[in-house]
Amino acid sequence: MREELDIPVVKRQPIFIPDVISKDEMIANRNRPFRKYREEVWKLTDEVAHLIPGIENRGWTKDHIDHIISIWYGFKKGMPVEMIASLNNLRMLHYRDNMRKGTRVLATEPINTVDYGQ
-15 MREELDIPVV KRQPIFIPDV ISKDEMIANR NRPFRKYREE VWKLTDEVAH LIPGIENRGW
45 TKDHIDHIIS IWYGFKKGMP VEMIASLNNL RMLHYRDNMR KGTRVLATEP INTVDYGQ
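The opening residue of the sequence shown carries number -15 in the numbering used here; numbering runs sequentially from there.
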C-alpha cells in the first residue's frame, strides 16, 4: 500500500511569447489578423499575376505562384502587403518545389525592397 505524501502541487503558468507562435498554431486559432493579411496579399497578387513570366504554366500539378518572401514571414515581420504581393517578390515555381519551400524564405538574389510598389 502506498503512503500518500503531503506535497503541495504547484501549477505552472503558461509562458506567452508572441514571437514564437507557430504558423500552425496561428491558423489553428483562426487568427483573424493573419487571415486578413493573407487574403489582402492574394487579392493584390491576383491583380499582377498576369505579368509574372511563365504564368501560362500555372496549375495544381504544374507551376505555382511563389512569394519569394513568404506571406507568413511578411506577416510575422510586419511587412506591408504591397511588398509581399509586388511583382519583384513573385515568381513561378514547380508545385513540388513550392510545397517543399512552405513558409521559408529562399531568396537566391537580393530583393529590391525600395521599389516594391511598382
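All C-beta atoms, glycine included, are put in the ideal place defined by N, C-alpha and C.
Owing to the predicted nature of the structure, the values given are computational and were not obtained by experimental measurement.
With a threshold of 6 Å on Cβ separation, who are the neighbours of residue i within its own chain once the five nearest residues in sequence on each side are excluded?
i: residue 58; result: 68
For residue i, which residues from the same chain have a beta carbon less than 8 Å from its beta carbon, with the 5 sequence-adjacent residues on both sides left out?
i: residue 44; result: 79
i: residue 61; result: none
i: residue 74; result: 29, 32, 33, 36, 49, 50, 51, 52
i: residue 21; result: 55, 58, 59, 65
i: residue 87; result: 7, 54, 55, 56, 57
i: residue 41; result: 47, 76
Does the beta-carbon of residue i have 16 or more other beta-carbons within 10 angstroms, so that it is buried, or is it exposed?
i: residue 35; result: exposed
Considering only residues of the same chain and omitting the five flanking positions on each side of residue i, which have a CB-CB separation below 7 Å?
i: residue 24; result: 65
i: residue 38; result: 47, 76
* Asked: Can at least three beta-carbon pairs, one atom from the region 78 to 85 and one from the region 42 to 61, be found at a separation below 8 Å?
  -> They touch, by the three-pair rule.
* Would you mind listing the alpha helix (DSSP H) stretches within the region 16 to 98 that are 4+ residues and don't spill past its ends, in chain order? => Fully enclosed alpha helix (DSSP H) runs of 4 or longer: 16 to 32, 55 to 60, 65 to 68, 79 to 85.
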